[in-house]
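Here is the structure:
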């Protein structure tokens with residue numbers, strides 16, 4: 001059996017957004033080590049937003065950490081006590097100016113299971129109604145409905161490099177469709 005055993009942990013850093021822990025673990029065949037663990041205390045949500053024309057609602061933004069511009073799906077963290085479905089409904093409207101109609105679970109995953117418990121929940125959003133300009137002007141330089149062929153090209157040429165966006169869109173365009181869940 002190749003299951004790591006844990007013997008305790010100590011926090012190195014903590015904030016409302018991220019915590020870093022050193023965990024005392026025994027790795028089979030290696031022995032005991034201190035392993036870094038990144039804990040995200042808030043639920044992370046993303047949304048693949050589509051319309052009846054088969055277009056995808058994306059935001060174009062700059063990420064200072066990577067120094068890159070790129071297209072992303074609406075995303076955000078749940079506020080304390082807020083359910084993920086409520087969080088993504090709020091985030092879509094705040095970031096895009098479009099109010100979701102129907103919000104359905106799409107997929108969920110751990111982005112970096114070897115070092116982090118960051119758990120992402122992706123939703124499929126349809127039936128949106130335009131309610132105005134985005135409320136959070138710091139989120140996006142542009143908000144646009146893009147045709148599927150443009151989204152596929154962005155996924156393959158690096159125009160969408162954000163991990164949660166890449167995962168949600170790739171899942172929607174692949175396994176979700178293959179399973180017949182349009």
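Numbering (UniProt numbering), first residue to last: 1 to 182.
No residue lacks a Cβ here, since even glycine has one placed at the ideal position from N, Cα and C.
Rounded straight-line distance, which links the Cα of residue 54 to that of residue 72: 17 Å
Per DSSP, cross-strand counterpart(s) of residue 13: 20
Close Cβ partners of residue 117 (< 8 Å) along its chain, the five nearest in sequence each way excluded: 37, 38, 39, 40, 110
In DSSP terms, what residue 27 is bridged to: 31
Sheet register partners of residue 169 (DSSP bridge): Note: residue 169 sits in no beta bridge, so no partner.
Straight-line Cα distance separating residue 82 from residue 68: 31 Å
Cβ pair count under 8 Å reaching 3, the stretch 138–158 against the stretch 22–29: no
Nearest-angstrom Cβ-Cβ length linking residue 171 and residue 122, presumed shorter than 8 Å: 7 Å
Residue 175 - DSSP class collapsed to helix/strand/coil: helix
Endpoints, beta strand (DSSP E) assigned at residue 115: Run containing residue 115: none; DSSP gives neither H nor E here.
Under 8 Å between C-beta atoms of residue 13 and residue 2: no
Length of the line joining the Cα atoms of residue 156 and residue 167: 13 Å
Burial state of residue 89 (16 or more Cβ within 10 Å): buried
Alpha-carbon spacing of residue 169 relative to residue 132, whole angstroms: 25 Å
Status (buried if at least 16 other CB within 10 Å, exposed otherwise) for residue 160: buried
Coarse secondary structure for residue 88, derived from DSSP in three states: helix
First through last residue of the beta strand (DSSP E) which encompasses residue 143: 142–147
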